[in-house]
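Below is one structure; the comments refer to it alone.
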Amino acid sequence: MKAFVAGATGETGRRIVKQLVERNIPVRALVRNLETAKGILPTEAELVVGDVLQIESLKAAIADSTILLCATGARPGF
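So the mapping is simple: the numbering used here equals the position in the sequence shown, first residue as 1, plus 25.
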């Protein structure tokens, strides 16, 4: 089992990643800024730089995940 979390550096995403790590569930976190993510996410999380709006990077990031979690925020007009 491996969990994929989009929006991992947001408030909700950080909490999700932390809970998964505490439960010993392997987690891959999709982040836009690697340096920011390294400072706020658990070191056990696998960090992948990408964008949910770019399908190719998203496909590669979720390839072997069995759990998909979306914690991205909403933007007006999106």
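Each residue gets a CB set at the ideal place from its N, CA and C atoms; glycine is no exception.
Does the beta-carbon of residue i have 16 or more other beta-carbons within 10 angstroms, so that it is buried, or is it exposed?
i   : result
G32 : buried
T34 : buried
A85 : exposed
What span of residues does the beta strand (DSSP E) with residue i cover, start to end?
i   : result
L9  : Absent from the model: residue 9. The displayed extent of the chain is 26 to 103, so no value can be given.
V30 : A28 to A31
For residue i, which residues from the same chain have a beta carbon less than 7 Å from its beta carbon, with the 5 sequence-adjacent residues on both sides left out?
i   : result
D89 : K27
Check for me: the alpha helix (DSSP H) holding residue i runs from which residue to which?
i   : result
V56 : Unbroken run through V56 is the beta strand (DSSP E), V52 to V56; no alpha helix (DSSP H).
L94 : No alpha helix (DSSP H) holds L94; the beta strand (DSSP E) holding it covers I92 to C95.
T37 : E36 to E47
My understanding is that residue i touches residue j, with C-beta atoms under 8 Å, so please give their C-beta distance in whole angstroms.
i   : j   : result
V73 : A54 : 7 Å
Whole angstroms are fine: how far does the CA of residue j sit from the CA of residue i?
i   : j   : result
N49 : P67 : 12 Å
V46 : R39 : 11 Å
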